[in-house]
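To start, the structure itself, in structure tokens.
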Amino acid sequence: MSPPPDHDDTSETQLEGVVTRSTGSWYDVRVGERVIPSRVRGKFRLTKQDVTNPVAVGDRVTIRLNDEDDTGFILSIHDRTNKLSRRAAGHRSGEEHVMVSNVDRAWIVQAVKRPQYNPAFVDRLLVAAAVNEIPAGLIINKIDLLTDEDRAEVMDLHLRYVDLGYPVLTTSATDGFGLDRLTAELQDQVSVITGPSGTGKSSLLNAIEPGLDVETGEVSESTRKGTHTTTHAELHPLSVGGYVVDTPGIREFGVRDIHPKDLAHFFPDLRPYVNECKFPDCTHDHEPGCAIKEALERDAIHPDRYDSYLRILESLQEEEEKRF
Ligand SMILES: Nc1nc2c(ncn2[C@@H]2O[C@H](COP(=O)(O)OP(=O)(O)OP(=O)(O)O)[C@@H](O)[C@H]2O)c(=O)[nH]1
Ligand SMILES: [Mg+2]
Ligand SMILES: [Zn+2]
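Per this note's numbering, the sequence shown starts with residue 842, numbered consecutively.
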């Protein structure tokens, strides 16, 4: 074997891959079927001082391969299409920790029943996804439990979100209904699967990819008090291609960082009316001449959706007050 040539950038092996995991100073970079443990060049660490991690899970990167030990050096990060970040609680200007980037879609899982369908939860996450420029969709699972009594209600929910432009899947992890469509939706995509405990997220993922053990649930605020950025996202490869993202604590994402007066823009059904209100700074809550309330009264907006809007508005207003 000849000795390695002098350091020369042009003769190096450069590869493109995606960061699937981060463990402190090492990153797993997946290139095809290979996972190449990689490090970051020192200069990256200093460029953005308000970001705790220069490279995030989900990032597409170019690495230089060290042929001797099969490790990599991350040379560059490609532009991100979107990202989910976490900040020190309550601080709009706190350090940003990018949990995951380049998410193709966030799927919100609900059950027909057990647990009861929760429209406020769905709407809150849809807003969070929109704020972060992540396309969202809805999975209505446990469709095998549907009875004649709740059929109309579930169909109403289904149509409501389809009309808003979101993809809606109906599934049963128990009898396999809808799993082909789910698999097709996840194939070659980076997908976040989230939803309340017990809705069947693990069951669905295990049904389409046996052995997939992904943390997808909510982490309650109280269990995390005082511990900051302890959780790391991870991309779990699917055998059909694509990844499912581990997302503990998705509750923290997004909705916090918007101004109350911008909230209605993130509701596709409220957005068309926001410029028609009498007052340009209308919060669509109590003001006279509100085009959104008029639309509500003539049933052009679903009351559950308006309820969700008011709840989120209230929580944003509380956040605003805490800041001063
Ligand atoms: N009937 C019915 N039961 C289901 C279905 N999917 C899941 N279950 C059951 O619902 C319960 C909860 O399912 P999990 O997959 O653990 O739910 P999860 O969303 O992962 O819950 P967390 O991990 O706590 O967030 C289990 O008892 C499952 O067997 C379904 O499609 N139909
Ligand atoms: Mg689970
Ligand atoms: Zn208004």
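Yeah, the Cβ is synthetic: ideal placement off N, Cα and C, and Gly gets one too.
Would the beta-carbon of residue i be found less than 7 Å away from any heavy atom of ligand 2?
i, result
"residue 1057", "yes"
Does ligand 3 have even one heavy atom less than 7 Å from the beta-carbon of residue i?
i, result
"residue 1155", "no"
"residue 1128", "yes"
"residue 1125", "yes"
"residue 1133", "yes"
Helix, strand or coil for residue i? Go by DSSP, reduced to three states.
i, result
"residue 1100", "coil"
"residue 959", "coil"
"residue 984", "helix"
"residue 863", "strand"
"residue 1139", "coil"
"residue 995", "helix"
"residue 1044", "helix"
"residue 1124", "coil"
"residue 1111", "coil"
"residue 1051", "coil"
"residue 1134", "helix"
Note down, in chain order, each residue of its chain lying with its Cβ closer than 6 Å to the Cβ of residue i, except the 5 sequence neighbours on either side.
i, result
"residue 1161", "none"
"residue 1050", "1079"
Output needed for residue i: all residues of its chain with C-beta closer than 8 Å, excluding positions within five of it in sequence on either side, in chain order.
i, result
"residue 991", "953 and 954"
"residue 880", "866, 867, 868, 912, 913, 914 and 915"
"residue 834", "Past the boundaries of the shown model lies residue 834; the chain is included only from 842 to 1165, so the question cannot be answered."
"residue 1048", "1014, 1017 and 1020"
"residue 1053", "1046, 1047, 1077, 1079 and 1085"
Could you pull the DSSP bridge partners for residue i from this structure?
i, result
"residue 1196", "Because residue 1196 is not part of the residues shown, which for the chain are 842 to 1165, the question remains open."
"residue 967", "Paired residues: none, contrary to the question."
"residue 854", "906"
"residue 1078", "1084"
"residue 1035", "949"
"residue 942", "924"
"residue 1188", "Because the chain in this structure spans residues 842 to 1165, residue 1188 falls outside the shown range and cannot be described."
Leaving out five residues before and five after residue i in sequence, what residues of the same chain have Cβ atoms less than 7 Å from its Cβ?
i, result
"residue 1109", "1005 and 1006"
"residue 1067", "Confidence at residue 1067 is low in this model, with a pLDDT of 40, below 50, so its placement is unreliable and the value that follows should be read with caution. Hits under 7 Å: none found."
"residue 1136", "1114 and 1142"
"residue 1037", "956, 959, 962 and 1059"
Closer than 7 Å: is that where the CB of residue i sits relative to any heavy atom of ligand 1?
i, result
"residue 1040", "yes"
"residue 897", "no"
"residue 1043", "yes"
"residue 1013", "yes"
Length at least 4, wholly inside the region 870–925: the alpha helix (DSSP H) runs in chain order = 883–888
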